[in-house]
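First to last, the protein sequences are chains A and B. Residue numbers for the first sequence follow my numbering, so the first one is 2 and each next one is one higher. Residue numbers for the second sequence follow my numbering, so the first one is 142 and each next one is one higher. We put the beta carbon where it would ideally sit given N, CA and C, even for glycine. Everything numeric in this text was worked out from a predicted model, so none of it was measured. Read through the structure below, which is laid out as structure tokens, and then see the notes.
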Amino acid sequence: MIIPYTTDRRADTGVTNVTMGMWLFIASEVMLFGALFSAYALLSVSAIDWPSGRQFLSLPLGTVNTIVLIQVTAVAWRARQSSAIKARVLLMIGSVFALAFLGLKSLEYAHEFSAGLRPATNTFLAMYFTLTGLHALHVIAGIAANVWAIAGATRVGEAMMAGRTRALALYWVFVDIVWLIIFGLMYLL
Amino acid sequence: MTTYRAAVRIVLTGALCLGTEAAIYACPICFQIEDAHATSGIRAGVGVLMGVTGVVLVGFARFATRVAGRDAAAQSQLTRHQ
Numbered sequence: 002m003i004i005p006y007t008t009d010r011r012a013d014t015g016v017t018n019v020t021m022g023m024w025l026f027i028a029s030e031v032m033l034f035g036a037l038f039s040a041y042a043l044l045s046v047s048a049i050d051w052p053s054g055r056q057f058l059s060l061p062l063g064t065v066n067t068i069v070l071i072q073v074t075a076v077a078w079r080a081r082q083s084s085a086i087k088a089r090v091l092l093m094i095g096s097v098f099a100l101a102f103l104g105l106k107s108l109e110y111a112h113e114f115s116a117g118l119r120p121a122t123n124t125f126l127a128m129y130f131t132l133t134g135l136h137a138l139h140v141i142a143g144i145a146a147n148v149w150a151i152a153g154a155t156r157v158g159e160a161m162m163a164g165r166t167r168a169l170a171l172y173w174v175f176v177d178i179v180w181l182i183i184f185g186l187m188y189l190l
Numbered sequence: 142m143t144t145y146r147a148a149v150r151i152v153l154t155g156a157l158c159l160g161t162e163a164a165i166y167a168c169p170i171c172f173q174i175e176d177a178h179a180t181s182g183i184r185a186g187v188g189v190l191m192g193v194t195g196v197v198l199v200g201f202a203r204f205a206t207r208v209a210g211r212d213a214a215a216q217s218q219l220t221r222h223q
């Protein structure tokens with residue numbers, strides 16, 4: 002069975018079904034992270050004494066990670082306007098940046114665990130590990146999607162690859178925005 | 142039997158209220174204590190969740206109006222051709 006409108010835009014929605022599906026997925030993800038941010042707001046405002054992230058977290062590592070993740074999005078965004086061959090190379094570069102993000106995050110976690118900072122230490126750290134852990138899972142899923150798109154680039158053809166790259170670019174923008182909110186809430190405030 | 146059950150309920154509720162008096166009065170939401178931390182926290186949490194839900198709903202509404210607009214344009218084009 003051939004799924005319709007994977008490469009052509011639908012006349013009624015104005016987008017392909019691939020882009021439409023990605024927007025719906027992002028809407029559900031916004032609700033998921035929205036619930037967690039709401040829990041963060043509830044817990045931080047309710048607490049008599051809420052610690053600042055600077056007490057526990059490494060701001061330089063967080064800043065470097067933010068720059069690295071922005072590179073992933075920039076590369077994915079550029080890939081959406083490129084040919085299938087160039088998009089493949091750009092997605093590979095993006096995946097390497099995403100792996101670097103995960104590597105730095107693991108390093109940060111290792112520092113925190115060695116300092117005795119665990120989710121059970123306090124509510125702030127429980128929220129920190131929940132939010133950043135869930136975000137890291139999204140980065141892993143993004144890398145898997147990149148690899149899947151790269152592997153199928155030559156097989157599916159130019160039009161299909163363009164659709165997949167557009168969807169991936171949207172996904173990485175979402176992952177980046179979530180990280181920027183986490184970075185602002187956890188590291189800066 | 143019904144009167145007996147009602148009496149038991151009243152006695153148990155009374156005992157519960159007497160036994161857990163401090164815990165009941167500790168709930169600032171139930172007793173509408175405006176300046177309590179928990180009240181502010183609930184307000185902030187609900188506010189953030191409503192904001193996020195609002196943004197998503199506005200997105201869906203915009204999409205629905207966009208589809209309706211495209212449908213109307215397609216209909217008028219079809220009528221013109223006929």
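If you look at asparagine 123/A, you'll find it isn't in any alpha helix (DSSP H); DSSP assigns it neither H nor E. DSSP, reduced to helix, strand and coil, places threonine 7/A outside both helices and strands of the structure shown, so it counts as coil. For cysteine 158/B, the enclosing alpha helix (DSSP H) stretches over residues 143-160. Rounded to the nearest whole angstrom, the CA to CA distance from phenylalanine 98/A to valine 69/A is 6 Å. Under a 10 Å Cβ-count criterion, methionine 2/A is classified as exposed, with fewer than 16 other Cβ atoms of the shown protein chains found around its own Cβ. Collapsing the DSSP output to three states places glycine 158/A in coil. Of the candidates Phe102/A, Leu58/A and Ala127/A, the residue whose Cα lies closest to the Cα of threonine 67/A is Phe102/A. Annotation: the continuous alpha helix (DSSP H) that includes proline 61/A extends over 60-80.
Burial is judged here by how many other beta carbons sit within 10 angstroms of a residue's own beta carbon; glycine 63/A has at least 16 and is buried. Measuring C-alpha to C-alpha distances from serine 47/A to each of Arg184/B, Ala156/B and Val189/B identifies Arg184/B as the nearest. Judged by DSSP secondary structure, glutamate 109/A falls within the alpha helix (DSSP H) whose first and last residues are 85-115. Between the region 107-125 of chain A and the region 48-56 of chain A there are three or more C-beta pairs closer than 8 Å, enough to call the two in contact.
At the C-beta level, threonine 20/A and tyrosine 6/A stay beyond 7 Å of one another. The three-state secondary structure of arginine 119/A, taken from DSSP, is coil. DSSP, read as helix, strand or coil, puts threonine 180/B in helix.
Neighbours of alanine 40/A in chain B, taken as residues whose beta carbon is under 7 Å from its own, are Gly186 in chain order. Between serine 39/A and valine 193/B a beta carbon distance of about 7 Å is seen, short of the 8 Å cut, so the two are scored as contacting. For glycine 182/B, the residues of chain A that pass the 9 Å Cβ criterion are Ala42, Leu43, Leu44, Ser45, Val46, Ser47 and Ala48, in the order they occur in the chain. Across the set Ala146/A, Gly35/A and Leu43/A, the C-alpha of Leu43/A shows the shortest separation from the C-alpha of histidine 178/B. Shown in chain order are the members of the region 11-42 of chain A whose Cβ falls below 7 Å from a Cβ of chain B: Ala12, Asp13, Thr14, Gly15, Ala28, Val31, Met32, Gly35, Ala36, Phe38, Ser39, Ala40 and Ala42. Contact check for methionine 23/A against leucine 171/A passes: the beta carbons are separated by less than 7 Å.
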